[in-house]
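Encoded as structure tokens, the structure appears first; notes follow it.
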Amino acid sequence: MENIIICNCKQVSYSDIEHALEHHNKMEDVLEVFKDVQRITHCSTGCGGCHDKVLDVISEIMMA
Ligand code: FES
Numbered sequence: 564m565e566n567i568i569i570c571n572c573k574q575v576s577y578s579d580i581e582h583a584l585e586h587h588n589k590m591e592d593v594l595e596v597f598k599d600v601q602r603i604t605h606c607s608t609g610c611g612g613c614h615d616k617v618l619d620v621i622s623e624i625m626m627a
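My numbering puts the first residue of the sequence shown at 564, with every later residue one more than the last.
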């Protein structure tokens with residue numbers, strides 16, 4: 564489950580996003596965090612089709 568691929572183009576998994584989020588706190592703006600995750604993992608830099616999925620995962624992890 565943790566290793567499900569969220570971004571197919573760049574082969575970024577749920578846990579990759581989780582790791583990219585380690586230094587963030589819950590107060591940050593999700594869209595800013597998204598940019599950071601994108602920079603670190605390169606997710607959502609291909610077809611862009613995973614954009615909403617990535618955002619969902621980020622929100623889910625930040626709210627956990
Ligand atoms: S699936 Fe993520 S950029 Fe295409």
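Backbone N, C-alpha and C define an ideal beta-carbon position, used for all residues, glycine too.
For the putative contact between residue i and residue j, defined by C-beta atoms under 8 Å, what is the C-beta separation to the nearest angstrom?
{"i": "residue 617", "j": "residue 606", "result": "5 Å"}
Output yes or no for whether 7 Å exceeds the beta carbon distance between residue i and residue j.
{"i": "residue 624", "j": "residue 584", "result": "yes"}
{"i": "residue 568", "j": "residue 576", "result": "yes"}
{"i": "residue 610", "j": "residue 570", "result": "no"}
Which residues mark the beginning and the end of the alpha helix (DSSP H) in which residue i is found?
{"i": "residue 622", "result": "614-626"}
Inset, instruction - Output the residue ranges of the alpha helix (DSSP H) runs that lie fully inside the stretch 566-596 and measure 4 residues or longer, sorted by chain position. - result: Secondary structure within the stretch 566-596: the alpha helix (DSSP H) runs of 4 or more consecutive residues, fully enclosed, are 577-583 (chain order).
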